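Student: Pasting a structure here, questions to come.
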Amino acid sequence: MALCFFVFREIIHIGRDKRDNLKELKQLCIKGVQKNMKVLQVYRPVEGGIKRHLEILDQNLPNHNIIPVFCGPQDDMNSLNISDNYQLEITDGLNIQVLANNVYRLRNIVSKVKPDIIHSHGYKASAVVYGLSPFLRIPWISTLHGYKTWGRNITTKRTVFDLMSKQVLQRPQKVLCVSKALQKELHSIGMEEDKCKVVYNGIPISQYHQNVDDIFGGNYHRPNSKLITYIGRMMPDKGLDTFLTAIKILVDKYKSYIDSMNLQFVIAGDGPWRNYYEQMSWEWKIAPYITFLGYRKDISNILKQSYALCIPSRYEGQSITAVEAMASFCPVIASRTGGLQEILSHGETGLLIRRNDPLELAQKIILILKNKHLRRQLIFKAYYKALKNFSDKKMTSEIVETYNEVAKNVRV
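Heads up, the sequence shown is in the numbering used here, so the first residue is 301 and it goes up one at a time.
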């Protein structure tokens, strides 16, 4: 499959008129970033952090005289709150026929929209733009939100996948990474250091100070209970099984204490493993302590009612949910992995645990419940860090700066 992918890419390379490309690129260099620049945002199936990232770009880029136009799967268009979009059915995996169809559709969209820059989000979207790259006469930027989880739906060996990834990501003028950890991973597969730039995901901090509504709609919620929350897609790499195991440890060893604290565990999110995790909770006899909320849009509302947020992920590029918790005055207990180690400083802005360690997670939950002084300290220091480093305005400004850079420094 990997061979077919690159053969396809070389086939469409044939027939490109290099002289026309050179002329148009030179014109772009001369005009630089113009007023009302148009940027085509190409994205794969999205949820969670990437979805919120796109919505923020849609809201903020017009303030910089940039018109965002979105291009992605129809199902995501229906859920995304964005203004201008075109359908492109990017799916899981790397199927050569699907890839070829998407490259053809994207070429038609580019011809119609006439963007000044293409900005792809995620590896699958970048692979489609890569297929079109021989025909592109405009700059291309790729934003990556994770790396280790890209290949989970691909049957090829990891080394082959790394080679494919490097080949694809060498083509954009700039690759934006949501954390230094992700940037380091790309350097490890041979990516040039000056090509990769860290731009942390940001959020509109002020929106997390609004009034709180009952997240349960009057159902399931025990009055005056303390909520320990998990928010995320139900997939193995998110570590929900670690969270459930920690709950079992608490129920088995500290039942009288968690009953006296009126402790309740909330799981918000959906995914293909949901039935498995729900069945696990019943088999372990911890279901009475847990509420599965399913997919929710009111993340800030959930966090403001939570006593603590647990992120037991096995890998995270950054975790925008952690930043949202910091802005919502909700302390975070998270795995010591990926970009989480950059967002949270242990004992200062959060508590970090070893990956796949439910016992340590249970112990940290007890610590947060018993030590109110520590909880207050974590809340205020985390909020200040979010305000300083992870605002939507800071993220947007850095992305706009990159647009300026690639538009003015196109290699010809």
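Built from N, CA and C at the ideal position, the CB exists for glycine as well. Just so it is clear, the structure is predicted and the values come from calculations on it, not from any experiment.
1) Quick one: what does DSSP say LEU644 is sitting in, helix, strand or coil?
2) For the candidate residues ILE367, VAL428 and PRO415, whose alpha-carbon lies nearest to that of LEU388?
3) Throw me the rounded Cβ distance for the GLN341 and HIS421 pair, which I believe falls under 8 Å.
4) Output yes or no for whether 9 Å exceeds the beta carbon distance between GLY569 and ILE531.
5) Scan the stretch 468 to 504 and note each continuous beta strand (DSSP E) run of 3 residues or more that stays entirely inside, going in chain order.
6) Does the stretch 489 to 504 come within contact of the stretch 461 to 474, defined as at least 3 CB pairs closer than 8 Å?
7) Using the three-state DSSP reduction, which class does GLN605 fall into: helix, strand or coil?
8) Pairs of beta-carbons, one from the stretch 628 to 638 and one from the stretch 605 to 616, closer than 8 Å: are there three or more?
9) Below 8 Å on the Cβ atoms is my guess for LEU713 versus THR696; work out the distance and round it to an integer in Å.
10) Assign GLY446 to one of three DSSP states: helix, strand, or coil.
11) Return yes when the Cβ of LEU609 is within less than 9 Å of the Cβ of THR621, no when it is not.
12) Quick check on this structure: which residue in LYS526, ILE567 and GLY539 has the alpha carbon closest to the alpha carbon of ILE558?
13) I'd like the span of the alpha helix (DSSP H) that includes GLY431, first residue to last.
14) Please state whether DSSP places MET695 in a helix, a strand or coil.
15) So the candidates are LYS681, LEU406 and ASN671; which of them puts its Cα closest to the Cα of SER645?
16) Between the C-alpha atoms of ASN656 and ALA546, what's the straight-line distance to the nearest angstrom?
17) Give the range of the alpha helix (DSSP H) segment to which PHE435 is assigned.
Tutor: To lay it out plainly:
1) coil
2) VAL428
3) 7 Å
4) yes
5) 474 to 477 and 496 to 498
6) yes
7) coil
8) yes
9) Residue 713 lies beyond the residue range present for the chain, which begins at 301 and ends at 712; the question has no answer from this structure.
10) coil
11) yes
12) LYS526
13) 423 to 432
14) helix
15) LYS681
16) 10 Å
17) Note, PHE435: premise wrong, no alpha helix (DSSP H); not H, not E.
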